[in-house]
Every structure is written in C-alpha cells, then in structure tokens.
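Going by the numbering used here, the first residue of the sequence shown is number 10, and it counts up by one from there.
These notes concern the structure reproduced below.
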Amino acid sequence: MEGLPNRPLAGQVALITGASQGIGAAVARCFAQAGARLVLNARNEQRLATVAADIAGAGGEVRTLAADIAAADSAPALAALAEQAFGGLQILVHNAGIFPYQPLAEMAFADWQRVLDVNLNSAFRLLSACLPLLRRNPASRVIFVSSVQGNRVAVPGCAHYAASKAGLNGLMRAAALELAADGITVNCVEPGLVRTPGVEDALSARRRAAMAAEVPLGRWAEADEVAQAVLYLASPQAGYVTGHSLVIDGGALLPLGGVTSS
C-alpha cells in the first residue's frame with residue numbers, strides 16, 4: 010500500500026489564514042514541503058514575513074497579505090491575490106481564530122461578536138470569495154481548523170469560542186453536501202491540546218503539565234502533528250473524505266466525560 014507521495018501537493022495553490030505562528034505556520038511549512046504554492050494571511054505582518062521568508066529560503070513560492078481576516082475586504086483581496094499571483098486556487102485552509110477567556114457574566118456583545126467574526130463569519134466570507142476559483146478544479150479542498158470545543162467538550166469562559174467552532178462545523182457539513190457535485194471536499198480538523206506560542210504565554214508550565222496528565226497519550230500535540238492531518242485532507246489520498254471532522258486529541262475524549270480543562 011502506498012503512502013503519501015513526497016510532494017503530494019505539487020502544482021497546487023493553497024491559501025492559509027492565521028499563518029504567522031502555531032498551527033497555521035506549521036501548515037504553511039508542511040504544504041510548502043509538499044510542493045504547494047502558497048498565499049498566506051495573518052494580522053501580524055512581521056511574524057507573517059518571517060514564515061514567508063523561511064519558506065522562500067527553502068525554495069518555496071509564497072505570497073502574503075497581512076490583514077484582519079474579519080474585515081469585509083480581506084477575503085476578496087486574498088482570492089484576488091491567489092488569482093493574480095498563481096492563476097487560481099485549489100486548496101483553502103481557514104485556520105485563523107482567536108480564543109479569549111471571558112466568563113459569560115463579563116462578556117459584552119461586542120466581545121461575542123468579535124470572536125464570531127474572526128472564527129466563523131470570516132470562514133463564510135472566505136469560502137464565498139474563493140468558491141469561483143475552487144470550482145475551476147474538480148478536486149479542490151476546503152479545510153477548516155475547528156476545535157473539540159465545537160461539539161464535544163465544554164470549557165468555562167469560552168462560550169463565544171465554542172459557539173464559533175460549533176458553527177464552523179455546521180458550515181463544513183452543509184458546504185460538503187452542497188459542493189460535492191463540484192468535486193470539492195470540505196472537512197474540519199478538531200485539535201485538542203496543542204502546544205503553541207499563545208498557549209505557552211497564557212498557561213504556566215505547571216498548568217500545562219497538569220492538563221497533559223489528563224490525556225491518555227500524556228502530552229500536548231505539536232502544531233506539526235495537526236499540520237500533517239491537514240495535509241492528508243488536502244491530498245489526493247483523501248479524495249473520498251468529505252463532511253468529516255478529524256479529531257486530533259491524543260485520546261482525550263476516550264475517558265468517560267473527556268478532559269476537564271477548567
């Protein structure tokens with residue numbers, strides 16, 4: 010049985026949001042190694058430029074647009090960049106997201122709206138803007154980076170985040186059904202605990218260790234491990250996978266009640 014070829018995305022153009030660090034940067038580097046040409050987006054221009062320079066230095070083809078993905082004009086601008094720079098788009102990875110901790114009693118509607126704008130509404134805008142390009146290719150891929158908090162785990166202080174990821178999962182399923190006739194597959198990955206710069210800034214080493222102890226595999230995932238799952242869903246080998254949420258949690262949901270992360 011053959012595994013993934015060395016460059017399974019050769020000749021493909023991929024747009025990746027939230028690509029300046031963490032999972033998004035790992036996906037960008039992974040896709041570049043797999044042969045894809047990249048359009049990368051993030052808010053932080055300096056970090057985005059660093060990721061792009063690393064990829065270009067290794068021989069990859071990459072273009073960037075530093076912009077807030079929640080802004081109404083960002084999605085059309087990214088689709089236009091893919092068309093202008095590379096002549097089209099075959100893979101869309103929406104990874105951008107924010108994860109503020111706010112108990113309901115302290116959450117203003119503006120806080121709620123901001124999380125949904127970044128995590129969910131931007132996914133709809135991006136898919137809408139990119140759909141004409143994706144439809145040109147009979148085997149295009151759409152992958153949303155969701156979370157186990159979308160439908161499986163509840164964590165206090167994260168109502169807006171959980172709602173946004175549940176909505177993202179619903180959008181994925183509906184889009185998978187509607188776009189199947191075009192040959193476009195639409196899937197999610199649902200990471201559990203993933204070691205990223207943001208997590209390390211927000212949680213003490215002691216707290217991270219305590220949370221890892223609740224995972225059957227005994228550790229946090231690395232961003233590269235999530236990127237490999239995204240690569241599979243983007244590859245030709247996943248051509249019959251659509252409407253699926255791939256959980257990447259080290260077995261955390263296997264015990265009765267799952268992980269308690271409060």
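Just so you know, even glycine gets a beta-carbon here, dropped at the ideal spot from N, CA and C.
Jot down the residue ranges of each uninterrupted beta strand (DSSP E) in the stretch 36-123, minimum 3 residues, whole runs only, in chain order. 46-51, 71-75 and 100-103
If you scan the stretch 193-245 from start to end, which runs of the alpha helix (DSSP H) of 4 or more residues do you find wholly inside it? 206-211, 214-221 and 232-243
Under 8 Å: do the stretch 19-36 and the stretch 49-56 share three or more Cβ pairs, one atom per stretch? yes
What does the Cβ neighbour count give for Arg134, buried or exposed, with the cut at 16 atoms within 10 Å? buried
In this structure, does DSSP put Arg144 in helix, strand or coil? coil
Alpha helix (DSSP H) segment containing Ala184, residue limits: Ala168 to Leu188
Enclosing beta strand (DSSP E) for Val164 [first to last residue]: Run containing Val164: none; DSSP gives neither H nor E here.
Roughly how many angstroms separate the alpha carbons of Leu188 and Arg161, rounded to a whole number? About 26 Å.
Under the three-state reduction of DSSP, which class applies to Gly252: helix, strand or coil? coil
Under a Cβ-count criterion, where at least 16 other Cβ atoms within 10 Å of its own Cβ denotes burial, should Tyr110 be classed as buried or exposed? exposed
On the DSSP letters alone, give me the boundaries of the beta strand (DSSP E) that Val127 sits inside. Unbroken run through Val127: none, as it is neither H nor E.
Per-residue burial, Phe118 [other beta carbons within 10 Å of its own, 16 or more giving buried]: exposed
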